[in-house]
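Sequence positions in the sequence shown follow my numbering and run 1 to 112. Every residue, glycine too, gets a C-beta built ideally from N, C-alpha and C. All remarks here apply to the structure that follows.
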Amino acid sequence: MLAALGWAGEVLDRGRIRTRHNRSERLADLAAATGGTHYLCGTGGTRYLDPAPFDAHGFSVLPFHTPVDTEDPLWCWARHASSLWALSKIGPRDLAGRLAALREAHRLGAPL
């Protein structure tokens, strides 16, 4: 799916990355090992995630919420469907474009 969306990154073997055992520490260690600058967290994760390990690595945890534009079929069902649904519904090119637009809007500080 990532290749279909134009992702050209590298797949890393988690077993070769040194991580701690606490789940927040482990996620922060994995994000840091991949060169992360922020960690996007959905509403479920925000209930348990400890931001301190991320702060220690120098990046913040950002809450992710789908846009409130319910006219767009991509976001209308996003909280109830998987990324594979979105890929099959609108195709890889359109999905990649919409995700890029959302990323840019977020970067510019637009309300989502």
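In the three-state scheme derived from DSSP, where H, G and I count as helix and E and B as strand, S82 is classed as coil. For L102, the enclosing alpha helix (DSSP H) has its first and last residue at P92 to R107. Taking C-beta atoms under 8 Å as the contact rule, F64 and G42 qualify, at a distance of about 5 Å. By the 16-neighbour rule on beta-carbons within 10 angstroms, P73 is exposed. Y39 sits close to L62, with the two beta carbons spaced by under 9 Å.
Spanning the alpha carbons of L95 and A101 requires a straight line of approximately 10 Å. Sequence-distant Cβ neighbours of L84 in its own chain, meaning closer than 8 Å and more than five residues away, are M1. According to the DSSP assignment, L74 belongs to the alpha helix (DSSP H) that extends over P73 to C76. A Cβ-Cβ contact shorter than 9 Å links L5 with L87.
In terms of Cα proximity to D50, the closest of R16, V11 and N22 is N22.
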